[in-house]
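J.: Numbering-wise (my numbering), the sequence shown opens with residue 5 and increments by one.
The C-beta atom is built at its ideal place from N, Cα and C for all residues, glycine as well.
First, the structure itself, so that you have it in front of you.
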Amino acid sequence: MLIKLYGTSPDSAKGRYSPAECTGARKERIEGNPDIKHVSTSFAERQNLTMRMHMRRFTRLTNGFSKKVEAHANAVALHFMYYNFVRIHATLRMTPAMATGVTDKLWEIGDIVALIEAREAEKPAIRGPYKKSLSS
Numbered sequence: 005m006l007i008k009l010y011g012t013s014p015d016s017a018k019g020r021y022s023p024a025e026c027t028g029a030r031k032e033r034i035e036g037n038p039d040i041k042h043v044s045t046s047f048a049e050r051q052n053l054t055m056r057m058h059m060r061r062f063t064r065l066t067n068g069f070s071k072k073v074e075a076h077a078n079a080v081a082l083h084f085m086y087y088n089f090v091r092i093h094a095t096l097r098m099t100p101a102m103a104t105g106v107t108d109k110l111w112e113i114g115d116i117v118a119l120i121e122a123r124e125a126e127k128p129a130i131r132g133p134y135k136k137s138l139s140s
């Protein structure tokens, strides 16, 4: 896999909203047994476009960003839950989760919310800081 490295070049001070320039590239080996019919840049680029269209934090040159890595990871997880369980894909005529047999029903956003709320209820409550008693 070719991974492009982006940054600002020292000679270009166009402005703060100018796109980053490619400063280099490195090769990384990925092992596995891919289906050759599905090895294409267009598949990766289509997925990138879908993510940019669904999540503002992935749009280019924008002020929509995540302050915390945890919030960013949560947004990506929500996107993929919606993409795989709620959104009906035109080529499949069903969701990818239904096509692969992971689920047999079409989920709604409320199902995802209920799943998150059930998970949150399992977590122990976070206790506040220890306070010394004022008794003498």
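1. Apart from the five residues just before and just after MET59, which ones in its own chain have a Cβ nearer than 7 Å to its Cβ?
2. Closer than 6 Å by C-beta to GLU9: which residues in its own chain qualify, once you throw out the five before and the five after it? Chain order, please.
3. According to the neighbour-count rule (16 or more other Cβ atoms, all chains shown, within 10 Å of its Cβ), is ALA24 buried or exposed?
4. Closer than 6 Å by C-beta to ARG30: which residues in its own chain qualify, once you throw out the five before and the five after it? Chain order, please.
5. How about HIS76 and ARG61: are their beta carbons less than 8 Å apart?
6. Between the Cα of GLU35 and those of LYS41, GLY11 and MET5, spot the shortest distance and give me the residue it belongs to.
7. What is the C-beta distance between ILE92 and MET98, in whole angstroms, given that I count them as a contact (C-beta under 8 Å)?
8. Take LYS127 and list the residues in its own chain whose beta-carbon comes closer than 6 Å to its own, dropping the five residues that flank it on each side.
9. Taking 6 Å as the limit between beta carbons, can you name the residues of its chain near THR54, skipping five residues before and five after?
10. Return the residue from the list LEU138, GLN51 and GLY68 that minimises the CA-CA distance to TYR87.
11. Going by Cα to Cα distance, which pick from VAL90, ARG64, ARG33 and VAL73 is closest to SER141?
12. Straight-line CA distance for THR66 to ALA81?
13. Helix, strand or coil, according to DSSP, for MET98 in the structure here?
T.: The short version:
1. The residue given as residue 59 occupies position 55 in the sequence shown. For MET59, where only same-chain residues beyond five positions count, the Cβ hits under 7 Å are ALA79 and HIS83.
2. As a first step, residue 9 must be located in the sequence shown, where it is residue number 5. Note that residue 9 is Leu in the sequence shown here, rather than Glu. The answer, listed in chain order, is THR27 and GLY28.
3. Residue mapping note: residue 24 aligns to position 20 of the sequence shown, counting from 1. Exposed: under 16 other Cβ atoms inside 10 Å.
4. In the sequence shown, the residue the question calls residue 30 occupies position 26. If we look at ARG30 and ignore the five residues flanking it on each side, its Cβ neighbours are ILE7.
5. In the sequence shown, counting from the first residue as 1, residue 76 sits at position 72. In the sequence shown, counting from the first residue as 1, residue 61 sits at position 57. Contact flag set, yes.
6. Numbered from 1 along the sequence shown, position 31 holds the residue referred to as residue 35. Per the Cα distances, MET5.
7. Taking the first residue of the sequence shown as 1, we reach residue 92 at position 88. Taking the first residue of the sequence shown as 1, we reach residue 98 at position 94. Correct: roughly 6 Å between the Cβ atoms.
8. Along the sequence shown, one-based indexing puts residue 127 at 123. Around LYS127: no qualifying Cβ.
9. Looking up residue 54 in the sequence shown gives position 50. Around THR54: no qualifying Cβ.
10. For this step, residue 87 is matched to residue 83 along the sequence shown. When only C-alpha atoms are compared, the closest one is GLN51.
11. The first residue shown for the chain is 5 and the last is 140, placing residue 141 beyond what the model contains.
12. Numbered from 1 along the sequence shown, position 62 holds the residue referred to as residue 66. Numbered from 1 along the sequence shown, position 77 holds the residue referred to as residue 81. Whole-angstrom Cα-Cα distance: 21 Å.
13. One-based indexing of the sequence shown puts residue 98 at position 94. Of the three classes helix, strand and coil, the one that applies to MET98 here is strand, per DSSP.
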